[in-house]
Structure formats: C-alpha cells, structure tokens
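Report on one structure; see the data block that follows.
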Amino acid sequence: LARTLMQPASVTSFGLKCAGWAAPLVRSRQRLQATSGNALSVQLGGAVGTLAQMKGKGPQVIALMAADLKLKTPLFNWHTQRDEWVALGCELGLLVGSLGKIAKDISLMGQYEVGELAEPSEPGRGGSSAMPHKRNPVACMVALAAAQRAPQRVAALLATMPQEHERALGNWQAELAEWPGLLMSAQGSARAMAQALAGLQVDTQRMRANLDDLRAALPPEAADEWFSPALAQHAAELTHTQVSALTVLNKQTE
Numbered sequence: 119l120a121r122t123l124m125q126p127a128s129v130t131s132f133g134l135k136c137a138g139w140a141a142p143l144v145r146s147r148q149r150l151q152a153t154s155g156n157a158l159s160v161q162l163g164g165a166v167g168t169l170a171q172m173k174g175k176g177p178q179v180i181a182l183m184a185a186d187l188k189l190k191t192p193l194f195n196w197h198t199q200r201d202e203w204v205a206l207g208c209e210l211g212l213l214v215g216s217l218g219k220i221a222k223d224i225s226l227m228g229q230y231e232v233g234e235l236a237e238p239s240e241p242g243r244g245g246s247s248a249m250p251h252k253r254n255p256v257a258c259m260v261a262l263a264a265a266q267r268a269p270q271r272v273a274a275l276l277a278t279m280p281q282e283h284e285r286a287l288g289n290w291q292a293e294l295a296e297w298p299g300l301l302m303s304a305q306g307s308a309r310a311m312a313q314a315l316a317g318l319q320v321d322t323q324r325m326r327a328n329l330d331d332l333r334a335a336l337p338p339e340a341a342d343e344w345f346s347p348a349l350a351q352h353a354a355e356l357t358h359t360q361v362s363a364l365t366v367l368n369k370q371t372e
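So for the sequence shown, my numbering puts the first residue at 119; every next one is plus one.
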C-alpha cells in the first residue's frame, strides 16, 4: 500500500519500496568512494605551505609519508583548501539522511495500527520495562537521531571553508570539532540499519489486509481505478527492472 502525505493512496509493492530504499545507498557508496579517494590525502605543506624547510626533499617526504599511511599524494598543499575534505563530510551527511529515510518508513510501518513491519525480535531489544506490550524500533531510533544531528555538523563544516591566508585562525580548529560526531553518526546509523534490515520482519498478511480495508471503503469506481490488479503487476515489473539496474550499479563499486 503506497502512502502519500502520510495517507494511504494506491497499490505498490514492498519490493519497489525496498528498491527505493536501496537506490540512494548504492549512489552514496559510489560517491563516497570517489570523494574519499580525493579527500584522504597527505596533509604536509610545512610552515606556510612551501615545504621550504625540507631543503628540496619535500616531495620525497610526502611520497614516503603517503605510502606509509596508505593515503593519496596530493597535487597541492591543502592547509586552507578544504573543498575535497568538506565534500567528504557532505557525502556522509547525505548517507545519514538516506538511512534516516529508511528508518522513518520502517518505524511508521511498524506502528501497532499499521503492523506491516517490525525490527528483529530478540531478548533485551526494543522492549519496555513499564509496558511489556511495546516493541520499540530502537535501530530506527538510532538512525533518526543521527539524521537530526548530521545536517548541523555538515553545515558547520561548510561554514569553516573561508579560511585565512595560508593557515587559518579558528576555522580549522572548529572543523576538527565536528568530524568525530559526524563520523559516529554515519557509522552508528549504518550499523543500526544494517542490523534492522537483516532481520526485518515483514507481515504480508497485514499488508494485504490494510490494502483490502481501504479498497472496501472506497466507491467502486475509485477502487477499480486505484487498486486494480494491473497496478500491482506494473509495480512488480518495475521492481524487477530497478533491482536489476541497482545490482549492476552496485557491482561497479566492488
């Protein structure tokens, strides 16, 4: 059952919804590989970015340092050139947002009144000591909390980009303060949603019941228009097409 503006709308397939969850993650994987390849480079420019104190051996020192740390050798000293570094932060923010979208959908579909999805059930997970009937979506909670904080951290990184001359006064120090929280948000969100999706419980009978209940409440003409078997078949075919495309796209990053 597709939902628009928080209300039940028409027929879709759960597979198509899952493909919609996966597509941004595949794209994030591609972009993160590209941006991290650019951003994770050696930062060594000497006192003012000229390598003058290294008496002509600066490039060799950088190359050895890059090899030892398994980092890229940069073309330029980037003490105050923050574009590639901040681009990586932006991509992490996008990843956290995409994971948050999945978490929001799962948490809404897991509400008792809807009952179509549930996070994995295991002792000590998602229960309530005061209300034993509750089944809290704790993985979704982690991802949604991360999605609330990541945009502010990314915005803070962007705000630090206008850095003074060859070494900034305050801006790069402010930038450093944001990275731990952003990285923890991205890692925590990805880990939480990986666990939730691996054991996600799907109640297909409840999905069908919710769809049938809405169809029964509609006038016959509207029910035939928005809940015909042909729409379900189209959704299934589209799911197959999109999953095939995502599989090819994902293999390109392996």
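No residue lacks a Cβ here, since even glycine has one placed at the ideal position from N, Cα and C.
Counting only the same chain and skipping the five closest in sequence on each side, list residues whose C-beta sits under 7 Å from that of Thr-357.
If you number the sequence shown from 1, residue 357 lands on position 239. So the list reads Ser-131, Gly-133, Leu-134 and Ala-137, once near-sequence residues are dropped.
Going by DSSP, which residues form a beta bridge with Ala-120?
The count along the sequence shown starts at 1 and reaches residue 120 at position 2. According to DSSP, which records beta bridges pairwise, Ala-120 is partnered with Ser-128.
Take every Cβ of the region 203-220, pair it with every Cβ of the region 267-280, and state whether three or more of those distances are shorter than 8 Å.
The answer is yes - the region 267-280 touches the region 203-220, with three or more Cβ pairs under 8 Å.
How would you call Val-320, buried or exposed, if buried means at least 16 neighbouring beta carbons within 10 angstroms?
Taking the sequence shown and counting its residues from 1, the one referred to as residue 320 is at position 202. When all chains shown are included, Val-320 counts as exposed.
Taking the Cβ atom as the reference point for each residue, do Val-160 and Met-183 lie within a distance shorter than 8 Å?
As a position in the sequence shown, residue 160 is number 42, starting the count at 1. As a position in the sequence shown, residue 183 is number 65, starting the count at 1. Taking 8 Å as the Cβ cut-off, Val-160 and Met-183 qualify as a contacting pair.
Do Leu-262 and Lys-222 have their C-beta atoms closer together than 8 Å?
Your numbering for residue 262 matches position 144 in the sequence shown. Your numbering for residue 222 matches position 104 in the sequence shown. Yes, the Cβ-Cβ distance between Leu-262 and Lys-222 is below 8 Å.
Among all the DSSP beta bridges, which residues are the ones paired with Leu-235?
For this step, residue 235 is matched to residue 117 along the sequence shown. In DSSP, Leu-235 forms a bridge with Val-320.
According to DSSP, simplified to helix, strand and coil, what is Ser-154?
What you label residue 154 is simply residue 36 of the sequence shown in a count that begins at 1. In this structure, Ser-154 counts as helix in the three-state DSSP scheme.
What do you get for Glu-237, buried or exposed, if any count of 16 or more other CB atoms within 10 angstroms of its CB means buried?
Locating residue 237 in the sequence shown gives position 119, counting from the first residue. Glu-237 should be labelled buried.
Check the C-beta distance from Val-166 over to Leu-367 and give it rounded, since I have them as a contact under 8 Å.
Taking the sequence shown and counting its residues from 1, one reaches residue 166 at position 48. Taking the sequence shown and counting its residues from 1, one reaches residue 367 at position 249. With a Cβ gap of about 44 Å, Val-166 and Leu-367 do not count as contacting.
Which term fits Thr-168, buried or exposed, when burial requires 16 or more other beta carbons within 10 angstroms of its beta carbon?
Against the sequence shown, residue 168 aligns to sequence position 50. Counting Cβ neighbours within 10 Å, Thr-168 comes out exposed, since fewer than 16 surround it.
Once you ignore the five residues that flank Leu-318 on each side, which residues in its own chain have a CB closer than 8 Å to its CB?
For the purposes of this step, residue 318 is taken as the residue at position 200 of the sequence shown. If we look at Leu-318 and ignore the five residues flanking it on each side, its Cβ neighbours are Ile-224, Leu-235, Ala-236, Glu-237 and Pro-238.
Secondary structure at Ser-303, three-state DSSP: helix, strand or coil?
Numbered from its first residue, the sequence shown carries residue 303 at position 185. Ser-303 falls in the helix class under three-state DSSP.
Bridge partners of Lys-190, per DSSP?
In the sequence shown, counting from the first residue as 1, residue 190 sits at position 72. Looking at the DSSP assignment, Lys-190 forms a beta bridge with Ser-159.
With a Cβ-Cβ cutoff of 8 Å, do Leu-300 and Gly-207 count as a contact?
Indexing the sequence shown from 1 puts residue 300 at position 182. Indexing the sequence shown from 1 puts residue 207 at position 89. Closer than 8 Å, so yes.
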